[in-house]
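S.K.: Take the sequence shown: its letters are residues 56 to 118, numbered as in the working numbering.
Below is a structure I'd like to ask you about.
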Amino acid sequence: MADSEGSSYRVGPKWGKFAETREDALFFAVEELEARIGKKAGSDAALILKWLNALKDNPEAFK
C-alpha cells in the first residue's frame, strides 16, 4: 500500500527475469519497486522511496 493504492508483486517466470543470486534478485526487486513507487507523490511513497534508497546505498543489505 502506498497512498491508498495497492498492488501485488510476485516473482516468477512470467516476468522474464532470472537472477543468479539472492542478492541479484533483491537488487532487481528494488529497481522495479522504485520505478513503480516513484510515480506516486504522497507521503507513503516518499517513505518507501527513502527505504529503497537506503537499501541501494548499503550493499550489505542484499546479503
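Cβ coordinates follow ideal geometry from the N, Cα and C atoms, glycine included.
Since we're looking at a predicted model, the values are computed, not measured.
#1: Under 8 Å Cβ to Cβ from L120, same chain only, skipping five residues before and after it: list those, please.
#2: So, are the CB atoms of A96 and F83 less than 8 Å apart?
#3: Considering only residues of the same chain and omitting the five flanking positions on each side of L104, which have a CB-CB separation below 8 Å?
M.R.: According to the structure shown:
#1: Outside the displayed range of the chain (56 to 118) lies residue 120, so it cannot be described from this structure.
#2: For the purposes of this step, residue 96 is taken as the residue at position 41 of the sequence shown. For the purposes of this step, residue 83 is taken as the residue at position 28 of the sequence shown. Contact: no.
#3: Position 49 of the sequence shown, counted from the first residue, corresponds to residue 104. Excluding sequence neighbours, L104 sits near E89, I92, G93.
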